[in-house]
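J.: Taken in order, the sequence shown gives residues -19 to 48; the numbers are from the numbering used here.
Backbone N, C-alpha and C fix where the C-beta goes; we use that ideal spot for every residue, glycine too.
Owing to the predicted nature of the structure, the values given are computational and were not obtained by experimental measurement.
Sharing a structure here in structure tokens format.
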Amino acid sequence: MPYVNIKITREGATPAQKAELIAGVTDLLKQVLDKNPETTVVVVDEVEMEHWGIAGLPVEEYRRRKAV
């Protein structure tokens, strides 16, 4: 039983987008590893921006620096 945990920043992903992620990951596991979709679990967690970091920086600061 595959378990996939997708973590994204909370920036307005719609329920439809999350459903598409869940379906896409489930399909990918079926295609690549021949895993049964009936036993595949996909969880989408939204993380507040202040709890997300990249390259040692809060994500918002990281994005500001990359935009320059």
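So, for Lys(-13): in the same chain, excluding its five sequence neighbours on each side, which residues have a beta-carbon less than 7 Å away from its beta-carbon?
T.: Counting only Cβ-Cβ distances below 7 Å, and skipping sequence neighbours, we find Asp25 and Val27.
J.: Have a look at Ala(-7) and Val22 and give me their C-alpha separation to the nearest angstrom.
T.: Going from the Cα of Ala(-7) to the Cα of Val22 covers about 16 Å.
J.: Go ahead and pull the three-state DSSP assignment for Gly4.
T.: Of the three classes helix, strand and coil, the one that applies to Gly4 here is helix, per DSSP.
J.: Can you pull the DSSP bridge partners for Thr(-11)?
T.: Answer is Val27.
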